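Asker:
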Amino acid sequence: MKQGLQLKMGQQLAMTPQLQQAIKLLQLSTLDLQQEIQNALEENPLLEQDDDSGLEQIKKEQDSSQIDTAEALTKQEFSDDLPVENNWDDAYSPPPTTSISSGRNIFDGEDRIYQGESSTTLQDHLIWQMQLTPFSDTDLLIATSIIDSIDESGYLTSTCESILESLQKEVDDLELDEILAVLKRIQHFDPVGVAARGAKECLQIQLRNLSEDTPWRSEALMVIGNYMHLLANRDYRTLARKTKLKETQLAQIMRLIQSLEPRPGNKIESSQAQYIVPDVYVKKIAGQWCVSLNQECNPNLFINQRYANLCKGKLSKTDNQFIKGHLQEAKWFIKSLESRNETLLKVSNCIVQQQQDFFEFGSEAMKPMVLNDVAYEVEMHESTISRVTTQKFMHTPHGIYELKFFFSSHVATESGGECSSTAIRALIKKLVANEPNNKPLSDNKMTKTLESQGIKVARRTVAKYRESLGIPPSNQRKQLI
Numbered sequence: 000m001k002q003g004l005q006l007k008m009g010q011q012l013a014m015t016p017q018l019q020q021a022i023k024l025l026q027l028s029t030l031d032l033q034q035e036i037q038n039a040l041e042e043n044p045l046l047e048q049d050d051d052s053g054l055e056q057i058k059k060e061q062d063s064s065q066i067d068t069a070e071a072l073t074k075q076e077f078s079d080d081l082p083v084e085n086n087w088d089d090a091y092s093p094p095p096t097t098s099i100s101s102g103r104n105i106f107d108g109e110d111r112i113y114q115g116e117s118s119t120t121l122q123d124h125l126i127w128q129m130q131l132t133p134f135s136d137t138d139l140l141i142a143t144s145i146i147d148s149i150d151e152s153g154y155l156t157s158t159c160e161s162i163l164e165s166l167q168k169e170v171d172d173l174e175l176d177e178i179l180a181v182l183k184r185i186q187h188f189d190p191v192g193v194a195a196r197g198a199k200e201c202l203q204i205q206l207r208n209l210s211e212d213t214p215w216r217s218e219a220l221m222v223i224g225n226y227m228h229l230l231a232n233r234d235y236r237t238l239a240r241k242t243k244l245k246e247t248q249l250a251q252i253m254r255l256i257q258s259l260e261p262r263p264g265n266k267i268e269s270s271q272a273q274y275i276v277p278d279v280y281v282k283k284i285a286g287q288w289c290v291s292l293n294q295e296c297n298p299n300l301f302i303n304q305r306y307a308n309l310c311k312g313k314l315s316k317t318d319n320q321f322i323k324g325h326l327q328e329a330k331w332f333i334k335s336l337e338s339r340n341e342t343l344l345k346v347s348n349c350i351v352q353q354q355q356d357f358f359e360f361g362s363e364a365m366k367p368m369v370l371n372d373v374a375y376e377v378e379m380h381e382s383t384i385s386r387v388t389t390q391k392f393m394h395t396p397h398g399i400y401e402l403k404f405f406f407s408s409h410v411a412t413e414s415g416g417e418c419s420s421t422a423i424r425a426l427i428k429k430l431v432a433n434e435p436n437n438k439p440l441s442d443n444k445m446t447k448t449l450e451s452q453g454i455k456v457a458r459r460t461v462a463k464y465r466e467s468l469g470i471p472p473s474n475q476r477k478q479l480i
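Quick note: the sequence shown, position 63, residue 62 per numbering that gives the first Met the number 0, numbers continuous.
Listed below in structure tokens is the structure:
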């Protein structure tokens, strides 16, 4: 085979470092972007941030006001003829103490309310009560093992037999009755019903903890003890027949049972709230929906000209390359941020223009829209639209939504048009909210109701949308009260 040279022409996309950085910044969320900007400011001495913008300016104004107040107090002249004998209670009123500001744990024995820091866990709360309870050394070891086996909902995840087996190596002649005795004491800790081995036992403990003269207490214990499966399935007809109770009596019993807490750990476990910072704001100004960027998420970055001008001076080759390299990186970073903001604003404007009815009337007026529709309007690739709408949030008069929320598939209508799947979910949610408690709508009835409104949708599609909304089926939604 004879070897030779050939010349070919072609086009190829080169992923330059600038393009890679622009794509990386484009797909970052607001919090990740703030961290990326902070890292760039720490690593690049030529890149600086305007501290007089956004929250920094507010903080500076607060600090300056506090300094002015302090100076005014130090310069204030006090008269010498003030009375010497004063009542301290009249001159000083202590500020109200709260568990949030002090960070101390407060337990009110009457109301049985526990307040403390947001980081307090259920185990910490139970251990605190265990230390206040007179336990022997053996019982203290058993109680610690039981508390360690309680999950976030307040249920015991290990059997008493397994706890006994794990402690037999440390305690001699330990019996199962001792484990059960300590478990019974812990189950009456606050919140009552903690360390239960199931929902049935948890509700029974809470009912027995009520006073004996509580109306319908004995009947509720009977229903939970013998007909828990019917109660879970909301089969009230069979439950009324087997218990020989009237519907009004059963409604009173259900009202008492619903006042209980099937997950006692929820009273203590407080998951930290995750705050969403919107990237764009949508407001109606002079009859037009306008989109603006959140300026607090876009700090004003600039290049330190003092360091940049050092390139013109007499520096060593190494120093000159160092400054030029960081100068170029700073310019690329600022340009990538500007490109990200322009793309985000352009895509958000397109979404608002396409979904005018949503901003006017709500989710029921949502139009079907896919990524390709926006990509065609803004003349960008579909993958770029996917990146810019991921983990980006829009503040609207109806709430804060991720940009992905505005994209949905379509369902055909009788008139030949299209209806968004988001609008159908909103209609299903509205139908369920307005249904009678004692006779909820089935999936088949909701399908017929949507058909009467001109929306053709199969029953299985309604069931799928209902499940995606977290709405249980009709037999589980039935209520007597």
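All residues carry an ideal CB built from backbone N, CA and C; glycine is no exception. Just so you know, these numbers come straight off a predicted model, no measurement behind them.
Please go through the same chain and pick out, in chain order, the residues whose beta-carbon is closer than 7 angstroms to the beta-carbon of Thr532, but skip the five residues on each side of it.
Answerer: Any question about residue 532 goes unanswered here, given that the chain covers just 0 to 480.
Asker: Under 8 angstroms: do the segment 177-191 and the segment 278-294 share three or more Cβ pairs, one atom per stretch?
Answerer: no
Asker: Report the partner residues of Lys283 according to the DSSP bridge assignment.
Answerer: Trp288
Asker: Hey, how far is the Cα of Lys1 from the Cα of Lys7?
Answerer: 19 angstroms
Asker: Put Met221 into one of helix, strand or coil per three-state DSSP.
Answerer: It is helical.
Asker: On the three-pair Cβ rule with 8 angstroms, is the segment 237-253 touching the segment 202-211?
Answerer: Contact between the segment 237-253 and the segment 202-211 is absent: fewer than three C-beta pairs spanning the two stretches fall below 8 angstroms.
Asker: If we call anything under 8 angstroms between Cβ atoms a contact, is Ile145 one with Ala194?
Answerer: yes
Asker: Would you call the segment 416-435 in contact with the segment 382-400, where contact means no fewer than 3 C-beta pairs closer than 8 angstroms?
Answerer: no
Asker: Helix, strand or coil for Cys295? Go by DSSP, reduced to three states.
Answerer: Correcting the residue type first, residue 295 is Glu in the shown sequence and not Cys. Helix, per DSSP.
Asker: Could you tell me the alpha carbon to alpha carbon distance between Arg458 and Ser467, rounded to whole angstroms?
Answerer: 14 angstroms
Asker: Please list the terminal residues of the continuous beta strand (DSSP E) segment that includes Leu426.
Answerer: Where Leu426 is concerned, there is no enclosing beta strand (DSSP E), although the alpha helix (DSSP H) it sits in stretches over Ser420 to Asn433.
Asker: Go to Gly398, then tell me how far its alpha helix (DSSP H) extends in each direction, as first and last residue.
Answerer: Where Gly398 is concerned, there is no enclosing alpha helix (DSSP H), although the beta strand (DSSP E) it sits in stretches over Gly398 to Glu401.
Asker: Please confirm whether any heavy atom of the ligand MG lies closer than 7 angstroms to the CB of Gly361.
Answerer: Absent from the structure shown: the ligand MG. Ligands present: none.
Asker: Within the same chain, show all residues whose beta-carbon is closer than 6 angstroms to that of Pro214, passing over the 5 residues directly before and after it, in chain order.
Answerer: none
Asker: By Cβ distance, which residues of its chain are closer than 7 angstroms to Ile454, with the 5 residues on each side in sequence left out?
Answerer: Val410, Thr412, Cys418 and Ile423
Asker: How far does the alpha helix (DSSP H) with His124 in it reach, from first residue to last?
Answerer: Leu121 to Leu131
Asker: If you count every other CB in all the chains shown that lies within 10 Å of the CB of Ile162, and 16 or more means buried, which is it?
Answerer: Counting of Cβ neighbours within 10 angstroms places Ile162 among the buried residues, the total reaching 16 or more.
Asker: On the premise that Ala219 lies in contact with Ile252, defined as a C-beta separation below 8 angstroms, what is that separation, rounded to the nearest angstrom?
Answerer: 5 angstroms
Asker: Quick test of the definition: if touching needs 3 or more C-beta pairs under 8 angstroms, does the segment 377-385 touch the segment 436-453?
Answerer: no
Asker: Rounding to the nearest angstrom, what Cα-Cα distance links His228 and Asp234 in this structure?
Answerer: 9 angstroms
Asker: I need the straight-line Cα distance from Leu309 to Asn319, nearest angstrom please.
Answerer: 8 angstroms
Asker: Tell me which residue opens and which closes the alpha helix (DSSP H) that Met445 is part of.
Answerer: Run containing Met445: Asp442 to Ser451, per the alpha helix (DSSP H) assignment.
Asker: So, with DSSP's three-state summary, where would you put Tyr113?
Answerer: Confidence is the limiting factor: at Tyr113 the pLDDT is only 38, short of 50, which leaves the residue's position unreliable and the question unanswerable from this model.
Asker: Looking only at its own chain, which residues have a Cβ that is under 8 angstroms from the Cβ of Lys477, when we skip the five neighbours before and after it?
Answerer: Arg233, Tyr235, Asn436, Asn437, Lys438 and Pro439
Asker: Looking only at its chain, what residues have a beta carbon closer than 8 angstroms to the beta carbon of Asn43, apart from the 5 residues adjacent to it on each side?
Answerer: Within the same chain, Asn43 has close Cβ partners His325, Glu328, Ala329 and Phe332.
Asker: Excluding sequence positions up to five away, which residues of its chain have a Cβ less than 6 angstroms from the Cβ of Leu449?
Answerer: The answer, listed in chain order, is Val456.
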